[in-house]
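Below is one structure, written out as structure tokens; comments come after it.
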Amino acid sequence: MRPSKLLWAIPSATFHATRNQVFKRAPRVASALLRLGNVSGRGGAHEGPGATDYFRGVVSDYEQIAAHTGVVADAKDLFRNRRVLELGPGDTRAVALMAKLRGARLVEGYDAFDITSRDESYLRGIYEPLMARDGHDGGWERAKELLRDVRMLPSREALRAGEKRYDLVISRAVLEHVSDLDATFDDLARVTTPDAVQIHKVDLRCHGNKFDHELDFLMFPDAVYRRMASHTGMPNRVRVPGYLDLGARHGFSLVYAGATHRISVAEVDAVREHLASPFNVMAREALAVLGVWLVLVGPEHPLASKALHDLTTEALPVAPAEILSRF
Ligand SMILES: C[S@@+](CC[C@H](N)C(=O)[O-])C[C@H]1O[C@@H](n2cnc3c(N)ncnc32)[C@H](O)[C@@H]1O
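Sequential numbering from 27 applies to the sequence shown in our numbering.
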């Protein structure tokens, strides 16, 4: 490894390992600090007024991907009458609010961290313009009314309790933070109807943990990375092939996958031999994909018969950027 990278990697590992200890020993304090700092994970450009565009883009993307995949004939019908679970909504319930406005029958959220903002002026600054831009009157009072029965489930136990109740599961920039994807999909298999649809956007980039290359975070050996990341929700480092066969292990059919970001194979080759195991022997194309849309359905959904059983990374199409937001 280049000495300059080593000079970056050692303090980075130390910083994250210390932070991880705080999250491990005092998770409620850590969540409270994230809340107080309004740390949303969206990035500074998508805060305040920028959040309105962001959430409009997020919801529109779910609708467009659903229509592109044939889950709905008309994009605007995605949420109508659905019972929706949003994984990892983050610090607002903006997506829940928009789903309600679009006719969802039930919306609930599950987040591993209790970071929903309690700051009324912050939330109001997002919800009011969101509603106004969609042509809905009533402002803050109407938003509160719509969100009154939107439950945020505080634990996996709470999520797993009860009947199979969701027929639409959505997430954005969440699955890459889930430390045990099989446990999460096991939960989803328990709480979704047999004809449920899942739409996930997964961000496989480094989330800022780099020196000068998008794959630098794959340099940390697994044992070191676990000490840095086990309790903080840092990326799990699962690469795209790990998502293509995830659903099938839990009874879901993958009916669409499309890459959102890629680097070139030459860029992969520039660092691959310096990456930790198993990344240093992974297929170049698998390392080159840095984001993916996934659409999965339950066994009784009409699209289940069109499952992409053997989709490989090499055959992964590019997601249709022309119908998607810039977020
Ligand atoms: C980058 S943020 C994205 C938040 C939101 N979806 C958005 O687009 O603004 C990642 C979210 O995933 C949540 N998260 C992390 N691990 C999770 C898990 N195992 N299950 C559910 N949510 C999780 C985090 O707390 C955070 O809210």
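Glycine included, each C-beta is placed from N, C-alpha and C at the ideal position.
Being a predicted model, the structure only gives us computed values, none of them experimental.
Extent of the continuous alpha helix (DSSP H) to which residue i belongs
{"i": "serine 197", "result": "Where serine 197 is concerned, there is no enclosing alpha helix (DSSP H), although the beta strand (DSSP E) it sits in stretches over 192-198."}
{"i": "isoleucine 36", "result": "29-51"}
{"i": "proline 155", "result": "146-159"}
{"i": "arginine 253", "result": "248-255"}
{"i": "glutamate 89", "result": "75-95"}
{"i": "lysine 236", "result": "First-last for lysine 236: undefined, no H or E at that position."}
{"i": "arginine 182", "result": "182-186"}
{"i": "glycine 165", "result": "165-173"}
{"i": "valine 266", "result": "266-270"}
{"i": "valine 121", "result": "120-127"}
Cβ-heavy atom distance, residue i to ligand 1, below 7 Å
{"i": "glycine 114", "result": "yes"}
{"i": "phenylalanine 139", "result": "yes"}
{"i": "glutamate 198", "result": "The residue you asked about is not glutamate; residue 198 is arginine in the sequence shown. The answer is yes for arginine 198."}
{"i": "histidine 203", "result": "yes"}
{"i": "tyrosine 136", "result": "yes"}
{"i": "glycine 96", "result": "no"}
{"i": "valine 84", "result": "yes"}
{"i": "glycine 164", "result": "no"}
{"i": "arginine 54", "result": "no"}
{"i": "arginine 68", "result": "yes"}
{"i": "threonine 219", "result": "no"}
{"i": "threonine 210", "result": "yes"}
{"i": "glycine 188", "result": "no"}
{"i": "glycine 234", "result": "no"}
{"i": "glycine 259", "result": "yes"}
Straight-line gap, residue i to residue j (C-alpha atoms, nearest Å)
{"i": "histidine 287", "j": "valine 266", "result": "11 Å"}
{"i": "leucine 342", "j": "aspartate 336", "result": "11 Å"}
{"i": "arginine 45", "j": "methionine 260", "result": "11 Å"}
{"i": "threonine 354", "j": "arginine 275", "result": "This structure does not reach residue 354, given that the chain is present from 27 up to 353, and the question cannot be answered."}
{"i": "glycine 164", "j": "valine 133", "result": "20 Å"}
{"i": "proline 328", "j": "aspartate 193", "result": "13 Å"}
{"i": "glycine 317", "j": "valine 297", "result": "19 Å"}
{"i": "alanine 333", "j": "serine 279", "result": "5 Å"}
{"i": "serine 197", "j": "proline 29", "result": "39 Å"}
{"i": "valine 294", "j": "phenylalanine 305", "result": "11 Å"}
{"i": "glutamate 189", "j": "aspartate 213", "result": "12 Å"}
{"i": "alanine 330", "j": "aspartate 271", "result": "15 Å"}
{"i": "leucine 127", "j": "leucine 172", "result": "8 Å"}
{"i": "cysteine 232", "j": "aspartate 221", "result": "34 Å"}
{"i": "phenylalanine 211", "j": "arginine 109", "result": "18 Å"}
{"i": "serine 143", "j": "arginine 177", "result": "14 Å"}
{"i": "glutamate 183", "j": "glutamate 202", "result": "21 Å"}
{"i": "aspartate 86", "j": "alanine 93", "result": "A small correction: the amino acid at residue 86 is serine; aspartate does not occupy that position in the sequence shown. If you take the alpha carbons of serine 86 and alanine 93, they lie about 11 Å apart."}
{"i": "arginine 54", "j": "histidine 239", "result": "33 Å"}
{"i": "tyrosine 153", "j": "valine 228", "result": "25 Å"}
{"i": "alanine 58", "j": "valine 204", "result": "20 Å"}
{"i": "arginine 253", "j": "phenylalanine 49", "result": "11 Å"}
Bridge partners - residue i, DSSP secondary structure assignment
{"i": "threonine 339", "result": "BP columns for threonine 339 are empty, so no partner."}
{"i": "arginine 109", "result": "Leu132"}
{"i": "serine 279", "result": "Val323"}
{"i": "threonine 218", "result": "Tyr192"}
{"i": "isoleucine 225", "result": "Ile196 and Val321"}
{"i": "valine 344", "result": "Ala285"}
{"i": "valine 315", "result": "Arg288"}
Where the beta strand (DSSP E) containing residue i begins and where it ends
{"i": "proline 328", "result": "No beta strand (DSSP E) contains proline 328, which DSSP labels as neither H nor E."}
{"i": "methionine 178", "result": "177-179"}
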